[in-house]
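Residue numbers (this note's numbering): 3 to 102.
C-beta: ideal position from N, C-alpha, C; glycine also.
The structure presented is a predicted model; accordingly, all values stated were derived computationally and were not measured.
Have a look at the structure below, then the notes.
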Ligand SMILES: [Zn+2]
């Protein structure tokens, strides 16, 4: 039998970890942009533009780690979970749905 994890965030530390992860991705993007600029010997303003593009991309992909309130369509049970989690099995009624 295929096991569905509910994807529910019960631990506040996990939610905090997601926030830290997002912050780290942001820092990583800026560092990579700066690294590319230095490695390629490009003027600083190019790196700035590059960082801007990366940050813009980051905000587009931001929902991947976004924590949302989700209500089970079968019983209305509310949970905290990650957006785009995917297969969800309600811990209350056992109903299956998809979190987009
Ligand atoms: Zn339910």
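*What is the rounded straight-line gap between the Cα of residue 31 and the Cα of residue 68?*
18 Å
Worksheet entry | Local conformation of residue 97 per DSSP, three classes | coil
- Message: Can you tell me whether residue 81 is buried or exposed? The criterion is at least 16 other CB atoms within 10 Å of its CB, across all chains shown.
- Response: buried
Item to check | Own chain residues within Cβ distance below 8 Å of residue 28, not counting five before or after | outcome: 57 and 60
Quiz item: Do residue 9 and residue 84 come within 9 Å of each other at the CB atom, strictly closer than that value?
Solution: yes
Can you determine whether any heavy atom of ligand 1 sits closer than 8 Å to the C-beta of residue 9, and answer yes or no?
no
**Asked** Is there at least one non-hydrogen atom of ligand 1 closer than 8 Å to the beta-carbon of residue 79?
**Response** yes
Strictly by DSSP, which residues pair up with residue 80? 73
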